[in-house]
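Asks:
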Amino acid sequence: MNITKVVQLIQRGQTALGIEFGSTQIKAVLISPDFQSLASGSFSWENRLQDGIWTYSEGDILTGLRQSYAQLAASVSSKFHVKIERIGAIGVSAMMHGYLAFDTNGKLLVPFRTWRNTITEDAAEELTKLFNFNIPLRWSIAHLYHAILQNEHHVKDIAYITTLAGYVHWKLSGEKNIGVGDASGMFPIDSDGQFDQTCLRKFSSLEKVKQYPWQIEDILPQVLKAGEVAGYLTEKGAALLDPTGTLEAGSVMAPPEGDAGTGMISTNSVRRSTGNISVGTSEFSMVVLDKPLQKVHRDIDIVTTPTGLPVAMVHINNCSSDINAWSQVFSEFAGRLGKNISADELFSTLFLDTTKSDPDAGGIVNYSYFSGEPVTKTTEGRPLLIRTPNSKFTLANLMLAELYSAFAPLKIGMDILTNEEKVTTDVMIAQGGLFKTPVVAQQVLSNVLNMPISVMTNASAGGPWGMAVLAQYVSSGAQEKLEDYLDEKVFVDSEIMTLSPEQKGVAGAAQYIERYRSALSLENSASILKDEER
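In my numbering, the protein residues as written are 91 to 624.
1) Just the C-alpha distance for T218 and P400, rounded to the nearest angstrom, thanks.
2) To the nearest angstrom, how far is the alpha carbon of A549 from that of L493?
3) Just the Cα atoms here: how many angstroms apart are S421 and K446?
4) Buried or exposed: T468, going by 16 or more other Cβ atoms within 10 Å of its Cβ?
5) What did DSSP end up calling A320 once you bin it into helix, strand or coil?
6) Do G629 and V270 have their CB atoms nearer than 8 Å?
7) Quick check on I312: does DSSP put it in helix, strand or coil?
8) Need the endpoints of the beta strand (DSSP E) that V529 sits in, please.
9) Quick one: measure Cβ to Cβ for M546 and I506, integer angstroms, because I've assumed they're closer than 8 Å.
10) Within 10 angstroms of its Cβ, does P449 collect 16 or more other Cβ (buried), or is it exposed?
11) Determine the direct distance from the alpha carbon of K292 to that of V693, and round the result to whole angstroms.
12) Between M185 and L254, is the Cβ-Cβ spacing less than 8 Å?
13) So, with DSSP's three-state summary, where would you put W144?
14) Counting beta carbon pairs with one atom in the segment 329-344 and one in the segment 359-370, are three or more of them shorter than 8 Å?
15) Can you tell me which residues form a DSSP beta bridge with I586?
16) Between K579, V529, T508 and N487, which has its C-alpha nearest G598's C-alpha?
17) Cutting at 8 Å between CB atoms, please list the residues of its own chain near A568, excluding the five before and the five after it.
18) Between the segment 383-398 and the segment 304-312, can you find at least three pairs of beta-carbon atoms closer than 8 Å?
19) Are at least three pairs of beta-carbons, each pair with one atom in the segment 291-305 and one in the segment 347-358, less than 8 Å apart?
20) For the segment 442-467, which segments carrying the alpha helix (DSSP H) assignment without a break, of at least 4 residues, lie completely within its bounds, in sequence order?
21) Alpha carbon to alpha carbon, how far is K579 from V517?
22) Below 8 Å on the Cβ atoms is my contact criterion, and I expect Y459 with R472 to pass it. Report the Cβ-Cβ distance as a whole number of Å.
23) According to DSSP, is L507 part of a helix, a strand, or is it coil?
24) Taking the Cβ atom as the reference point for each residue, do T588 and S544 lie within a distance shorter than 8 Å?
25) Taking buried to mean at least 16 other C-beta atoms within 10 Å of its own C-beta, is A402 buried or exposed?
26) Would you check if there are 3 or more beta carbon pairs closer than 8 Å linking the segment 224-234 to the segment 186-194?
27) Pull up the CB-CB distance for G131 and L162, whole angstroms please, since I reckon it's below 8 Å.
28) Within this structure, are the beta carbons of L107 and I180 separated by less than 8 Å?
29) Go ahead and label N137 buried or exposed: buried means 16 or more other beta carbons lie within 10 angstroms of its beta carbon, across all protein chains shown.
30) Buried or exposed for N430, please, with buried defined as at least 16 other CB atoms from any protein chain shown within 10 angstroms of its CB.
31) Could you name the residues of the same chain whose beta carbon sits closer than 6 Å to that of Y146, not counting the 5 residues immediately before and after it, in chain order?
32) Going straight from the alpha carbon of N224 to that of A320, what length do you get?
33) In this structure, how does DSSP classify N361 when only helix, strand and coil are distinguished?
34) Rounded to whole angstroms, how far is the Cβ of G178 from the Cβ of S410, which I believe are closer than 8 Å?
35) As a quick exercise: from A616, G556 and V538, pick the residue whose alpha carbon is nearest that of I603.
36) At which residue ranges does the segment 257-297 contain complete alpha helix (DSSP H) runs of 4 or more residues, listed in the order of the chain?
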């Protein structure tokens with residue numbers, strides 16, 4: 091597309107903007123009507139442990155929103171010599187689950203409680219039994235009921251609870267609604283794509299809930315499906331997003347979604363019997379079901395696609411943080427030697443070195459737990475590296491152990507789906523920053539899960555682009571089903587590479603997983619070490 095054409099699209103507002111609040115970066119992507127990325131912006135942030143709660147401040151949320159957009163707008167101005175005055179459609183996505191509670195004045199009552207918190211076990215267990223439906227620790231309803239069980243003072247003042255994506259959407263549009271995929275991380279969803287009425291009644295009947303002045307259905311957002319109009323960018327919203335006053339109000343807003351939903355969009359995995367794996371600070375696999383699971387599993391979440399189809403989700407709290415920590419150590423060492431190595435070069439060098447490793451990582455076992463990990467019943471995060479005197483402690487084996495440990499909890503959860511429920515997929519597509527270095531992490535994941543893994547050309551940056559596609563889908567009028575829209579318009583010329591499991595790699599990964607399982611007691615006992623907040 092030539093520059094003149096791009097300038098015309100921007101001036102006419104024939105673009106779509108996707109903004110995604112990830113765990114380490116807030117990213118904004120502007121796309122054209124043919125789904126090409128025109129410009130992007132980002133803002134780096136980190137969660138912090140505050141009074142035992144993993145959180146991000148409200149100030150950082152809004153600052154990150156503005157700065158990621160400002161960077162995008164500056165990129166457009168630099169590349170195309172035009173300012174963004176109007177945008178056709180906007181969509182917001184974010185880390186799923188968690189808890190944001192507000193009073194009648196829109197005041198945040200307690201700091202944002204993210205998906206990373208594992209403090210809600212009491213509430214989640216009780217609600218799972220009550221609903222006969224798995225309620226994960228990180229779901230909004232688990233956080234709310236935990237606060238009730240703890241007699242937290244703020245609960246009586248609640249007027250609205252939502253997710254991070256729902257909150258930002260509310261600030262931009264004034265509308266208290268949410269996409270069904272993100273909603274499915276708040277409360278169980280029924281076959282019509284709405285909050286399950288039976289579960290709502292059961293929750294309201296609890297004696298500890300009856301004492302409060304609100305009704306659960308009144309404090310939850312309205313649930314919408316992909317393609318439905320979720321509001322419009324207001325004057326206040328435009329001023330929040332672009333304080334310079336250049337951006338006009340009026341953009342149509344897509345239903346806000348979770349990062350799992352945008353992952354399904356960016357990997358074209360919304361049809362039944364398709365699946366995807368997203369890796370980052372956390373990781374999760376998503377398989378769109380063609381039939382219900384036989385029973386309730388505490389390690390399998392039932393969520394939905396952005397159109398409301400049921401999805402079996404294996405969510406893992408920890409993935410790449412330990413790899414990032416080790417890479418920082420190596421970067422510092424290189425710096426001591428006067429070598430300035432870019433992040434891409436560093437990761438590429440470290441990952442490619444695993445080709446020299448032993449298949450079982452030389453007997454090294456690693457736990458990449460920066461927070462608790464429900465799938466292995468680990469309550470607190472303690473990154474831990476274990477080796478025996480006879481372990482082959484080489485750089486190659488260390489890095490393979492790091493990759494194995496990133497995927498090991500996912501393997502444990504996925505075994506429930508494949509072995510117990512006999513769930514199969516036509517395709518399993520992976521995405522995330524670990525796959526920017528071609529082949530290596532993809533092959534390791536294939537060996538660990540013992541299944542073919544595909545990676546698409548947009549594997550390292552799918553989320554905000556996926557949300558922009560959902561916004562464009564709303565803007566187009568959503569005349570066809572979402573899966574047809576993706577097949578026939580978005581992914582017509584997409585490139586995909588598939589790797590199958592290697593025999594030696596599968597055997598080595600199995601040895602590693604066996605050691606990993608057997609040493610979990612050491613990981614859990616490490617919680618005796620006090621974690622000092624810094």
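Even for Gly, the Cβ is constructed at its ideal location relative to N, Cα and C. As the structure is a computational prediction, the values presented were derived from the model and not from experiment.
Replies: Checking against the coordinates, here is how it stands:
1) 18 Å
2) Only weak support exists for where A549 lies, its pLDDT of 47 falling under 50; the value from the coordinates is given anyway. Whole-angstrom Cα-Cα distance: 17 Å.
3) 21 Å
4) buried
5) coil
6) No answer is possible for residue 629: it lies beyond the span of the chain, which begins at 91 and ends at 624.
7) For the record, residue 312 in the displayed sequence is Gln; it is not Ile. Strand.
8) No beta strand (DSSP E) contains V529, which DSSP labels as neither H nor E.
9) Not quite, the Cβ-Cβ distance comes to about 26 Å (not below 8 Å), so this is no contact.
10) buried
11) Absent from the model: residue 693. The displayed extent of the chain is 91 to 624, so no value can be given.
12) yes
13) strand
14) no
15) In DSSP, I586 forms a bridge with M546.
16) N487
17) A316, G317, E318 and Y575
18) no
19) With a cut-off of 8 Å, the segment 347-358 and the segment 291-305 do not count as touching, because too few Cβ pairs lie within range.
20) Note on the segment 442-467: there is no whole alpha helix (DSSP H) run with a minimum of 4 residues.
21) 20 Å
22) 6 Å
23) helix
24) yes
25) The residue is buried, with at least 16 neighbouring Cβ atoms inside 10 Å.
26) yes
27) 3 Å
28) yes
29) buried
30) exposed
31) Closer than 6 Å at the Cβ level, and outside the excluded window around Y146, lie N137 and F202.
32) Rounded to the nearest angstrom, the two C-alpha atoms are 28 Å apart.
33) A small correction: the amino acid at residue 361 is Arg; Asn does not occupy that position in the sequence shown. In this structure, R361 counts as coil in the three-state DSSP scheme.
34) That belief does not hold up - the Cβ atoms of G178 and S410 are roughly 34 Å apart, past 8 Å.
35) V538
36) 270-273 and 287-294
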